[in-house]
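**Student:** Quick one: the structure is below, questions incoming.
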Amino acid sequence: MSYLPRSSSGSSVIISSIIIKPVRFPRVWCCTHTPINQTQTAMEQLDPSKSSQVVVPHPHLLHAKISSIRMAGHSKLQIIADFDATLTKYWVNGCRGQSSHGLLQQGNPEYDVKRRELYDYYHPLEISPSIPIEEKAKLMEEWWGKTHALLIEGGLTYDAITKSVANSMITFREGVVELFEFLEARDIPVLIFSAGLADVIEEVLRQKLHRSFKNIKIVSNRMIFDGDGHLVSFKGILLIAMFLVRSSFESGPIQTCPSSILFVASWVILTPGKTIHVLNKNEHALDMAGPLHDELGDSDGPNEDSASVKKRTNVLLLGDHIGDLGMSDGLDYETRISVGFL
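Structure representation (structure tokens):
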């Protein structure tokens, strides 16, 4: 398993997993080398079979998928999105963009160095195509656990999070704000599924977007602070998915669009304190999803509850990592379009 290759000259998007029950269509891939930053008008006018920026081997399958979602209406649609390098940019001014973990500065240089050393050791293992997925999942759990322990031991405060975000170069992709507004106006829920840090993601949304959205919930690793604002622990999750992957790229890095990918989810109950990492994000964690904590003023109206969201059986899934394909596992969806950002 590997990350898809990225180019610093622009963005690429792959649309895959065209599934309409009870018929399963062949995989459809849609690639573009420049960002699509228009919102409703551009999305409605986009014809993948005619655009010079988009390549779709079987465009009629994509049109069938879109038609199915439109016929079902807004009330059946939900968005499931990764955060780092999906909603945010992978490249910013020619440099690697920051993640919600990577931007964090504890105010303690010794511990910042220790976390960087963990990254230098574990990241090559994360993207290695030769490590079995079961072993890699254990390594990711180990990495995240050590990193979170360093954040606690190093005395991280919420003030440090606020300052880190203010000093960061993390940037949203063009069109994200407009997309959020478009979805909120139509009461279409957005579930942000991230292996990063929920509190950091909330602060990024707060500082960069300057508003809250009533339709957005976050499933990520959430911190617990004491009365003085010092990090003391992390909230645990109850379920984790171990994804067994069989694909045409199993023996090496992806060179072309794979023809088939098989994910088998095996669910196990975990004790509190477990973490969300890049290989265990899944819809079963929806029950721990929380709305945005908005210090700028709460949005009007209640957030849609988990049971209602699960009844939305049409899914637009956004991610940048092969593991993100599992974010909708556990959801009994009828129609799904998966979009991978390069």
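In my numbering, the protein residues as written are 907 to 1248.
Cβ atoms here follow ideal geometry from the backbone N, Cα and C, with glycine treated the same way.
Given a cut-off of 7 Å, decide if Gly-1102 and Ser-1234 are closer than it, judged by their beta-carbon atoms.
**Tutor:** Cβ atoms of Ser-1234 and Gly-1102: not closer than 7 Å.
**Student:** With a 10 Å radius around its C-beta and 16 neighbouring C-beta atoms as the bar for buried, classify Ser-1244 as buried or exposed.
**Tutor:** buried
**Student:** Taking the CB atoms as reference points, tell me whether Leu-1009 and Ser-1100 lie closer together than 7 Å.
**Tutor:** Contact: no.
**Student:** Which residues in the same chain as Asp-1105 place their Cβ atom closer than 8 Å to its Cβ, once the five residues preceding and following it in sequence are excluded?
**Tutor:** Tyr-1064, Ile-1067, Arg-1128, Met-1129
**Student:** Can you check which of these residues, Gly-1229, Phe-1140, Lys-1114, Asn-1121, is closest to Leu-1062 by C-alpha distance?
**Tutor:** Phe-1140
**Student:** Looking at the structure shown, is Ile-1039 part of a helix, part of a strand, or coil, going by DSSP?
**Tutor:** helix
**Student:** Are the CB atoms of Leu-1115 and Val-1071 within a distance shorter than 7 Å?
**Tutor:** no
**Student:** Check whether the segment 1024–1044 touches the segment 1077–1093, counting contact only when three or more Cβ pairs, one atom from each stretch, lie closer than 8 Å.
**Tutor:** no
**Student:** Less than 7 Å between the C-beta atoms of Ile-1122 and Val-1096, yes or no?
**Tutor:** Yes, these two residues count as a Cβ contact at 7 Å.
**Student:** Helix, strand or coil: which one does DSSP assign to Gln-1113?
**Tutor:** helix
**Student:** So, for Phe-989: in the same chain, excluding its five sequence neighbours on each side, which residues have a beta-carbon less than 7 Å away from its beta-carbon?
**Tutor:** Correct list, in chain order: Ser-1006, Ile-1098, Ser-1100, Gly-1102, Ile-1107.
**Student:** Spatial neighbours of Phe-1131 within its chain, please: CB distance less than 7 Å, with the 5 preceding and 5 following residues excluded, ordered by chain position.
**Tutor:** Tyr-1064, Leu-1137, Val-1138
**Student:** The beta strand (DSSP E) that contains Arg-1242, what's its start and end?
**Tutor:** 1241–1247
**Student:** What would DSSP say about Thr-1063, mapped onto helix, strand or coil?
**Tutor:** strand
**Student:** Tell me the residue span of the alpha helix (DSSP H) that contains Phe-1088.
**Tutor:** 1082–1091
**Student:** Beta strand (DSSP E) containing Lys-1123: first to last residue?
**Tutor:** 1122–1127
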